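All letters in the sequence shown, in the order written, are residues 58 to 163 by the UniProt record's numbering.
Structure, as structure tokens:
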Amino acid sequence: PLDKDELGSRTWGFLHTMAAYYPENPSPQQKQDMKSFFDIFSRFYPCEVCAKDFQKEIQTQPPNVDSQKSLSKWLCDMHNIVNVKLGKKSFDCNRVNERWKDGWID
Ligand code: FAD
């Protein structure tokens, strides 16, 4: 089985990659589907404390499904909330596409 950390890092990899390939101009259906995705994801994520906290976060700050950039930025902010909670360093969200889409530029 996957432990909580391994599950977490693999799941973040999937979620950030999904956000990286979300359309820049999503249709109304795609926007609705992405909202539903996160709603359902937050109810079935197989780490109970993680799922409970994530549900609360998305209620106060729902996914910004307007574009690829806005979704990736939102998800980066959500991940940073967890980073801070766990005492980890916060990630620079201006660089989220470099990390998960385009590759590092420097
Ligand atoms: P991870 O945090 O898994 O990050 C993986 C990689 O993503 C990093 O190496 C970095 O390159 C990149 N990254 C880091 N921050 C960002 C960011 N803000 N935006 C974009 N990319 C970034 N664990 C708990 O103990 N308690 C919890 O309540 C909890 N809640 C979670 C909720 C969700 C929805 C998920 C998916 C995971 C949760 N986890 C929780 C797991 C936790 O977030 C980590 O995945 C785990 O601690 C392993 O951390 P890591 O150091 O390997 O890096």
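Backbone N, C-alpha and C define an ideal beta-carbon position, used for all residues, glycine too.
What you are looking at is a predicted structure, and each value in this text was computed from that prediction instead of being measured.
The Cβ-Cβ distance between S129 and N140 does not fall below 8 Å. Around the beta carbon of Y79, a 10 Å sphere encloses 16 or more other beta carbons of the protein chains shown; the residue is thus reported as buried. Taking all protein chains shown into account, N154 has 16 or more neighbouring C-beta atoms within 10 Å of its C-beta and is therefore buried.
When distances are taken from the beta-carbon of G160 to the heavy atoms of ligand 1, even the shortest one reaches 7 Å or more. Collapsing the DSSP output to three states places W161 in coil. For the 8 Å CB-CB criterion, Q112 and E81 do not form a contact. DSSP places S84 outside both helix and strand once states are collapsed to three, so it counts as coil.
Along the length of the stretch 72-121, whole alpha helix (DSSP H) runs at least 4 residues long occupy 85-101 and 105-117, reported in chain order. The beta carbons of T74 and W157 sit closer together than 8 Å.
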